[in-house]
Amino acid sequence: MITVPVSPWALMLETCFKVLPAVRNHLDRWKSQAQQIPNPELRQQALASLRTKQFHCEGGSLYALLAKHHWQDAIQFIVAYQTISDYLDNLCDRSTSLDPEDFRALHESLIHALTPDAQGVNYYRFRNEQADGGYLQNLVRTCQDVLGKLPNYARLAPALYELANYYCDLQVHKHVQIEERVPRLKTWFSSHQKHLPELRWYEFSACAGSTLGIFCLVAYACDRDLPDGLITQIRNSYFPWVQGLHILLDYLIDQEEDRINGDLNFCSYYRNNEELLERFQHFIHNAKKSVAQLPHTQFHQLINQALLGVYLSNKKVKQQQEVQTIARQLIQFGGSPASFFFRSRLLLSH
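Sequential numbering from 1224 applies to the sequence shown in the working numbering.
Here it is in structure tokens:
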């Protein structure tokens, strides 16, 4: 019988001996395809995203454990979907274009990846670089193949689309010309604000930037016939709190790097470190509370604590004195499992 891990040690063992080898096999296959991309700019960005963002696929694929006997299908979907996301993020971040139409067209691939019968289009139609040798279409089709086998896909689709549309909107707004970014993000936030708990515009943007809710929904759907109530529960648990915690941690450790590159960083909008710490604790508290009603509550709590441990043990933290101080306080606030993942990650990285 396959069970979902409920202790830090069990999660570590499943990660090391089951999840990571499978993820790396898939990534090796996508790397081989990326090396064949004819256009040098597209090839460079595809390979860079696979090289520098591998840990996104590794972390996201922990959700495959919820799929139990179907964990390999879940990993196949998660790796392909996250690879699309990371590749497009590179194309937009280090872009030869600042055209919102271009970013919108590229991100249609993420919506098509969630639509088993969608026909592929030219996602590069608004940019100079075109020839990718079918790389992006193949990633989309891989996701479609997994979702096409799910008997409960039709009931799952609305929640997937909602989360994906938040993600795609964010990617468009945050990559346009610098002076347009904040006004666009604030207007976008205003259009959703009445349906949200108390959040600031930059926190809402962070909540939109995570793929964890999609991965959780697909993994559960691989294993069971999801009732509508559970789909809603998962969506409400992951958006905004778990997803917000995830991406705010990502921005927290990237502050110095983003300052140097002139990139938007949502953590820079807090008035001071005291406010930042208080809001992070608010997200940690609500992420814990929001997953308490889900099946496999302990697993979801472990994921929250693993997020703290993995991000805050990143080598970038040591290079930023203020972030190091905040990291210590957040690990303490996260409790003993967060501390376990923090220490484990530090040991594994040496």
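Backbone N, C-alpha and C fix where the C-beta goes; we use that ideal spot for every residue, glycine too.
key: Beta-carbon contacts of ARG1350 that lie in its chain and below 6 angstroms, excluding the five residues immediately before and after   = The residue labelled residue 1350 in the question sits at position 127 within the sequence shown. Same-chain partners within the cutoff: SER1320, ASP1325.
task = In angstroms with no decimal places, state the Cα-to-Cα distance between LEU1570 and LEU1535.
result = What you label residue 1570 is simply residue 347 of the sequence shown in a count that begins at 1. What you label residue 1535 is simply residue 312 of the sequence shown in a count that begins at 1. For LEU1570, the predicted structure reports a pLDDT of 49, less than 50, and the residue's modelled location is therefore unreliable. A value from the coordinates is still provided. Each residue's alpha carbon lies about 13 angstroms from the other.
task = Answer with buried or exposed for GLN1342, where buried requires no fewer than 16 other C-beta atoms within 10 angstroms of its C-beta.
result = Here residue 1342 corresponds to residue number 119 of the sequence shown, with the count starting at 1. Under this definition GLN1342 is an exposed residue.
inquiry  = Quick check on SER1414 - is its C-beta less than 7 angstroms from some C-beta in chain E?
reply    = The chain labelled as chain E is not found in the depicted structure, where only one protein chain is given.
message = According to DSSP, is GLU1352 part of a helix, a strand, or is it coil?
response = As a first step, residue 1352 is located in the sequence shown; it is residue number 129 there, counting from the start. Looking at GLU1352 - three-state DSSP - the assignment turns out to be coil, as it is neither helix nor strand.
task = Would you grab the beta carbon distance between GLY1467 and ALA1429 for me? Rounded to a whole angstrom, and I think it's under 8 angstroms.
result = One-based indexing of the sequence shown puts residue 1467 at position 244. One-based indexing of the sequence shown puts residue 1429 at position 206. The pair is a contact, with the Cβ atoms about 5 angstroms apart (cut-off 8 angstroms).
ask   = Exposed or buried, what is PRO1420 when buried is set at 16 or more other beta-carbons lying within 10 Å of its beta-carbon?
value = Here residue 1420 corresponds to residue number 197 of the sequence shown, with the count starting at 1. Under this definition PRO1420 is an exposed residue.
key: Stretch-stretch touch, CB-based, cutoff 8 angstroms, three pairs: the region 1241-1255 with the region 1394-1410   = By the Cβ test, the region 1241-1255 is not in contact with the region 1394-1410, since fewer than three Cβ pairs between them sit closer than 8 angstroms.
query = Taking contact to mean at least 3 C-beta pairs separated by less than 8 angstroms, is the region 1435-1447 in contact with the region 1290-1298?
reply = In short, these stretches touch, since the Cβ pair count reaches three.
key: Rounded C-alpha distance that separates ALA1287 from ILE1298   = Translated into positions along the sequence shown, residue 1287 becomes position 64. Translated into positions along the sequence shown, residue 1298 becomes position 75. Distance between ALA1287 and ILE1298, taken at the CA atoms: about 6 angstroms.
inquiry  = I believe GLN1504 touches CYS1490 by the beta-carbon criterion, under 8 angstroms. Please report the beta-carbon distance rounded to the nearest angstrom.
reply    = Sequence index remark: in the sequence shown, residue 1504 carries index 281 (1-based). Sequence index remark: in the sequence shown, residue 1490 carries index 267 (1-based). With a Cβ gap of about 14 angstroms, GLN1504 and CYS1490 do not count as contacting.
inquiry  = I'd like to know if the region 1547-1561 and the region 1496-1511 are in contact, where contact means that at least 3 CB-CB pairs between them fall below 8 angstroms.
reply    = Yes, the region 1547-1561 touches the region 1496-1511.
key: Straight-line Cα distance separating GLN1400 from GLN1547   = Along the sequence shown, one-based indexing puts residue 1547 at 324. Along the sequence shown, one-based indexing puts residue 1400 at 177. One C-alpha to the other measures close to 32 angstroms.
message = Considering only the alpha carbon of each residue, which of GLN1259, GLU1498, THR1455 lies closest to LEU1383?
response = Indexing the sequence shown from 1 puts residue 1383 at position 160. Nearest option by C-alpha distance: THR1455.
ask   = With distances taken between CB atoms, is the gap from TYR1390 to ALA1431 smaller than 7 angstroms?
value = Along the sequence shown, one-based indexing puts residue 1390 at 167. Along the sequence shown, one-based indexing puts residue 1431 at 208. A Cβ-Cβ contact shorter than 7 angstroms links TYR1390 with ALA1431.
message = For LEU1285 and VAL1302, what's the separation of their Cα atoms in angstroms?
response = As a first step, residue 1285 must be located in the sequence shown, where it is residue number 62. As a first step, residue 1302 must be located in the sequence shown, where it is residue number 79. A direct Cα-to-Cα measurement between LEU1285 and VAL1302 gives close to 11 angstroms.
ask   = If you run the structure through DSSP and keep just helix, strand and coil, what is GLY1399?
value = Numbered from its first residue, the sequence shown carries residue 1399 at position 176. Looking at the sequence shown, residue 1399 is not Gly but Val. DSSP places VAL1399 outside both helix and strand once states are collapsed to three, so it counts as coil.
DSSP state of ILE1260 mapped onto helix, strand, coil = The sequence position of residue 1260 within the sequence shown is 37, counting from 1. Of the three classes helix, strand and coil, the one that applies to ILE1260 here is coil, per DSSP.
task = Tell me where the alpha helix (DSSP H) around ASN1459 begins and ends.
result = Here the question's residue 1459 lines up with position 236 in the sequence shown. Boundaries of the alpha helix (DSSP H) around ASN1459: 1451-1460.
request  = Pick out whichever of VAL1441, LEU1359, GLU1352 has its Cα sitting closest to the Cα of VAL1344.
outcome  = Indexing the sequence shown from 1 puts residue 1344 at position 121. Relative to VAL1344, the option among VAL1441, LEU1359, GLU1352 whose CA is nearest is LEU1359.
ask   = Comparing alpha-carbon positions, which option in CYS1239, GLN1268, TYR1461 lies nearest ASP1309?
value = What you label residue 1309 is simply residue 86 of the sequence shown in a count that begins at 1. The candidate whose alpha carbon is nearest that of ASP1309 is GLN1268.
ask   = When the Cα of THR1275 is compared with those of ILE1260, ASP1355, THR1306, GLN1528, which residue comes out closest?
value = Here the question's residue 1275 lines up with position 52 in the sequence shown. The option with the nearest alpha carbon to THR1275 is THR1306.
query = For LEU1314, which residues from the same chain have a beta carbon less than 7 angstroms from its beta carbon, with the 5 sequence-adjacent residues on both sides left out?
reply = Here residue 1314 corresponds to residue number 91 of the sequence shown, with the count starting at 1. For LEU1314, where only same-chain residues beyond five positions count, the Cβ hits under 7 angstroms are GLN1268, LEU1329.
request  = Could you have a look at LEU1375 and say whether DSSP puts it in helix, strand or coil?
outcome  = Residue numbering aside, residue 1375 sits at position 152 when the sequence shown is read from its first letter. Before going further, note that residue 1375 is Asn rather than Leu in the sequence given. Here ASN1375 sits in coil by DSSP.
key: Rounded straight-line distance, which links the Cα of LEU1386 to that of THR1365   = Indexing the sequence shown from 1 puts residue 1365 at position 142. Indexing the sequence shown from 1 puts residue 1386 at position 163. One Cα belongs to THR1365, the other to LEU1386, and the distance between them is close to 19 angstroms.
GLY1283, enclosing alpha helix (DSSP H) - first and last residue = The residue labelled residue 1283 in the question sits at position 60 within the sequence shown. 1277-1283 is the extent of the alpha helix (DSSP H) around GLY1283.
inquiry  = Under 8 angstroms, with one C-beta from each stretch per pair, do the region 1521-1531 and the region 1495-1502 reach the 3-pair mark?
reply    = Contact between the region 1521-1531 and the region 1495-1502 is absent: fewer than 3 CB-CB pairs across the two stretches fall below 8 angstroms.
query = What is the DSSP secondary structure of SER1572, counted as helix, strand or coil?
reply = Your numbering for residue 1572 matches position 349 in the sequence shown. In this predicted model, SER1572 has a pLDDT of only 47, less than 50, meaning its place in the structure is not dependable; the value taken from the coordinates is given anyway. In the structure shown, SER1572 adopts coil according to DSSP, grouped into three states.
inquiry  = Assuming ILE1457 and LEU1517 are in contact, meaning their beta carbons sit under 8 angstroms apart, how far apart are those beta carbons, in whole angstroms?
reply    = To locate residue 1457, count along the sequence shown from 1; it is residue 234. To locate residue 1517, count along the sequence shown from 1; it is residue 294. The pair is a contact, with the Cβ atoms about 7 angstroms apart (cut-off 8 angstroms).
query = Per DSSP, what kind of secondary structure is PRO1406 in: helix, strand or coil?
reply = Residue numbering aside, residue 1406 sits at position 183 when the sequence shown is read from its first letter. In the three-state scheme derived from DSSP, where H, G and I count as helix and E and B as strand, PRO1406 is classed as helix.
ask   = When the Cα atoms are used, what is the spatial distance from GLU1545 to ILE1476?
value = Looking up residue 1545 in the sequence shown gives position 322. Looking up residue 1476 in the sequence shown gives position 253. Each residue's alpha carbon lies about 10 angstroms from the other.
key: Bounding residues of the alpha helix (DSSP H) (the contiguous stretch that carries GLU1421)   = Counted from its first residue, the sequence shown places residue 1421 at position 198. The continuous stretches of alpha helix (DSSP H) do not include GLU1421, and DSSP gives it neither H nor E.
message = Using the Cβ count rule (16 or more neighbours within 10 Å means buried), how would you classify SER1572?
response = To locate residue 1572, count along the sequence shown from 1; it is residue 349. At SER1572, the pLDDT of 47 sits below 50, so the modelled position is not reliable and the matter cannot be decided from this model.
query = Taking DSSP as the reference, what is the three-state secondary structure of SER1433?
reply = The count along the sequence shown starts at 1 and reaches residue 1433 at position 210. The answer is coil: DSSP assigns SER1433 none of H, G, I, E or B.
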